[in-house]
Amino acid sequence: MKKKQSDYIVFVLMFFGISILFYPFFKMSLLKLKLNHTQYVYNSGIESSKRFEELSQLQPPTLEQIMELDGTVMYDSILQIPSLEKNVTISNDTTVTAFLTGVVNMYPQRNPLEDNIVILGHHLSDSGLLLGDIGKLKMDDKLTLIKPKEQYEYKVSNIYITDESNVSILDTINSPKLTIVTCDKPNYTEKRLVVEGQLINVKEIKNEDSNERRFFSEAVPINYSDLSQTKHHNHLIWLVLLYSIIIILMIHIFL
493 MKKKQSDYIV FVLMFFGISI LFYPFFKMSL LKLKLNHTQY VYNSGIESSK
543 RFEELSQLQP PTLEQIMELD GTVMYDSILQ IPSLEKNVTI SNDTTVTAFL
593 TGVVNMYPQR NPLEDNIVIL GHHLSDSGLL LGDIGKLKMD DKLTLIKPKE
643 QYEYKVSNIY ITDESNVSIL DTINSPKLTI VTCDKPNYTE KRLVVEGQLI
693 NVKEIKNEDS NERRFFSEAV PINYSDLSQT KHHNHLIWLV LLYSIIIILM
743 IHIFL
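First residue of the sequence shown: 493, per our numbering; consecutive thereafter.
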């Protein structure tokens, strides 16, 4: 009887231990599944919503937030990171959906030619998603802010980690700069990873520049696969299958 009780306790502890271990992978797999069914709609008239007052409000998403993710996202520009082979939609909205599907321009009224453009986004446990891999950027790497009629080219001029209380990085300035802010790791943290870019060129997008203009058709939504040059495969089915096999083996051993 005592052995049965001890086996049951071990089984429960192992079950919860494995669940905690698989939880981050499950969240990211579910997010990938949601992203693959998300449509990104360009909207030139999108209005900005309430701004973050503190960087501490940018924290890892919960499973509930991922499950409630809306299937349609409004955006008005694109952040292109060539060295990471990705394009990320930029929204003026600060909703959970905007942060889970792209990044957010905190001050859309600022002029890229003469001010600090601040981009906030999530650092997820799957480094290939959103801003999880911007820590791989190096000095002088290129960053491009693509808008319907022009694109602004920057080179990385500074990479550093700061405290979430350092809101001075959001301040308006009198020179053109791109500031990208995310968490320094994919779980709860009080630190922020900051990548700053110096404006080096402004290019007009002409009608023949189909590669850039395809992002800005109000009539034709784009899909997640159109944005990223690196294909993200969804492993949710395999994850659930592996988890089920482990549970069955545990039941067979302990019960």
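The beta-carbon is built from N, C-alpha and C at its ideal position, and this holds for glycine as well.
- S657 sits exposed, since fewer than 16 C-beta atoms from the chains shown fall within 10 Å of its C-beta.
- Here E645 is bridged, per DSSP, to T636 and N693.
- Here F508 is exposed: its Cβ has fewer than 16 other Cβ atoms, across all protein chains shown, within 10 Å.
- Each of L623, P552 and K628 was checked against the Cα of E682, and the nearest Cα belongs to P552.
- K628 and L635 have their C-alpha atoms roughly 13 Å apart.
- Secondary structure remark: continuous alpha helix (DSSP H) runs of at least 4 residues inside the region 561-614, in chain order: 588-593.
- Of the residues assessed, S660 falls on the exposed side of the cut-off, its CB having fewer than 16 other CB atoms within 10 angstroms.
- Taking 8 Å as the cut-off, the Cβ atoms of K641 and E696 count as close.
- Excluding the 5 residues flanking it on each side, S617 has same chain C-beta neighbours closer than 6 Å at P516, M520 and P678, in chain order.
- Contact between the region 664-679 and the region 590-610 is present: 3 or more CB-CB pairs across the two stretches fall below 8 Å.
- Listed in chain order, the non-local C-beta contacts of I582 below 8 Å within the same chain comprise Y567, D568, S569, I570, L571, G594, V595, V596, N597, I611 and L637, local neighbours out to five positions each way being set aside.
- Rounded to whole angstroms, L691 and P713 show a C-alpha spacing of 29 Å.
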